[in-house]
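Engineer: Please find one structure pasted underneath; my questions will follow.
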Amino acid sequence: MSFGEDQSSGAGNGAGPRSVRLLGAALALALAAGCATGPTAHPSDPLEPFNRGVYRFNEAVDSAVLKPVATLYVRTAPDPVRTGVSNFFGNLSDFWSFINASLQLRPREAAENLLRFNVNTVFGLGGLLDVASEMGIERTRLDFGQTLGRWGVPAGPYLVLPFLGPSTVRDTAGRSLEARGDLVMGVDHIPTRNSLYGLRLVDTRANLLRATAMLESAALDKYTFTRDFYLQRRQNQIQDLIDQGWGVGNGDRGTGDRD
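At position 212 of the sequence shown (counting the first as 1) the number is 392 in this note's numbering, and the numbers step up by one without a gap.
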């Protein structure tokens, strides 16, 4: 799965201890691959030969496993079940959005996301029901990569991560930190915890089926399209923060997505 990051975006973001190790390995490999770049490399993608290799690997895994499983999930699971699953993991991401809004010194968004998390956890059966949205409490998705950008950390080179897809050095660092505080990782029962990781991955991929179908029909070079879309979106997010007076500025042009 190489499209839609931020799947990414979002937080908690489906990363566990193994994902943290994968992120570290990806960074090490990316640095080692730097010598493979050439003068025609995209300025934000100096590691393109390495990234394209990882992209092809992700595409193969997606075609062989993730997409078929996600398609079967959509066809067999009733809509209320799939909605409940998405609501549950969205509720976990609201907690991380609260933390990032606090770190970004955005009190309104912090209060809204914390209120959403509490309302949906208590009155929404642990987050299966999105009671907060029915009450008009707005969600702002924020991640730690945006927080780093808000405080002036540059994005660094574009990276394609094994299994996780588009990223940058800054966003990879953000993912690694969020993985260590993932609420799912706090589940002590290992089979339950692993099942939650798997379910979140399938739910994320299922929510991207329509987007990837459009990508496959529209893009001549899916790698380039995905890279440019991701980088532009992240730049706009950070730049929006800066334009609203919440950022220190760093040359990136990357607010949270409003649902």
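Just so it is clear, CB atoms sit at the ideal spot from N, CA and C, and this is done for glycine as well.
Tell me whether P371 is buried or exposed, calling it buried when 16 or more other Cβ atoms sit within 10 Å of its Cβ.
Structural biologist: Position 191 of the sequence shown, counting from 1, holds the residue named residue 371. Exposed, because fewer than 16 other Cβ atoms sit within 10 Å of the Cβ of P371.
Engineer: Can you check which of these residues, L283, P342, N238, is closest to K402 by C-alpha distance?
Structural biologist: Counting from one through the sequence shown, the residue named residue 402 turns up at place 222. Comparing Cα positions, the closest option is N238.
Engineer: Excluding the 5 residues flanking A386 on each side, which residues of the same chain have their C-beta closer than 6 Å to its C-beta?
Structural biologist: For the purposes of this step, residue 386 is identified with residue 206 of the sequence shown, where counting begins at 1. Cβ neighbours of A386 beyond the five flanking positions: A250, Y253, V254.
Engineer: Whether or not the region 375-390 and the region 256-271 are in contact is what I'm after, with contact meaning three or more pairs of Cβ atoms, one per stretch, closer than 8 Å; do they touch?
Structural biologist: In short, these stretches touch, since the Cβ pair count reaches three.
Engineer: Is it true that the CB of E289 sits closer than 8 Å to the CB of T320?
Structural biologist: Counted from its first residue, the sequence shown places residue 320 at position 140. Counted from its first residue, the sequence shown places residue 289 at position 109. Contact: yes.
Engineer: What's the C-alpha gap between G264 and P287?
Structural biologist: Sequence index remark: in the sequence shown, residue 264 carries index 84 (1-based). Sequence index remark: in the sequence shown, residue 287 carries index 107 (1-based). Approximately 28 Å, taken between the alpha carbons.
Engineer: Spell out the partners DSSP gives G345 in its beta bridges.
Structural biologist: For the purposes of this step, residue 345 is identified with residue 165 of the sequence shown, where counting begins at 1. G345 pairs with L341.
Engineer: Please report the Cβ distance between G366 and D323, rounded to the nearest whole angstrom; I am assuming they are in contact, meaning their Cβ atoms lie under 8 Å.
Structural biologist: Translated into the one-based positions of the sequence shown, residue 366 becomes position 186. Translated into the one-based positions of the sequence shown, residue 323 becomes position 143. G366 to D323, Cβ: 19 Å. No contact.
Engineer: So for R319, helix, strand or coil by DSSP?
Structural biologist: For the purposes of this step, residue 319 is taken as residue 139 along the sequence shown, with counting starting at 1. In this structure, R319 counts as coil in the three-state DSSP scheme.
Engineer: From this set, K247, V241, A240, which residue's C-alpha is nearest A391's C-alpha?
Structural biologist: Start at 1 with the first residue of the sequence shown, and residue 391 comes out as number 211. Taking only the C-alpha atoms, the option nearest A391 is K247.
Engineer: Could you name the residues of the same chain whose beta carbon sits closer than 7 Å to that of R232, not counting the 5 residues immediately before and after it, in chain order?
Structural biologist: Residue 232 sits at position 52 when you count from the first residue of the sequence shown. Cβ neighbours of R232 beyond the five flanking positions: Y403.
Engineer: Are the beta-carbon atoms of D351 and R407 separated by less than 8 Å?
Structural biologist: Position 171 of the sequence shown, counted from the start, is the residue given in the question as residue 351. Position 227 of the sequence shown, counted from the start, is the residue given in the question as residue 407. Taking 8 Å as the Cβ cut-off, D351 and R407 do not qualify as a contacting pair.
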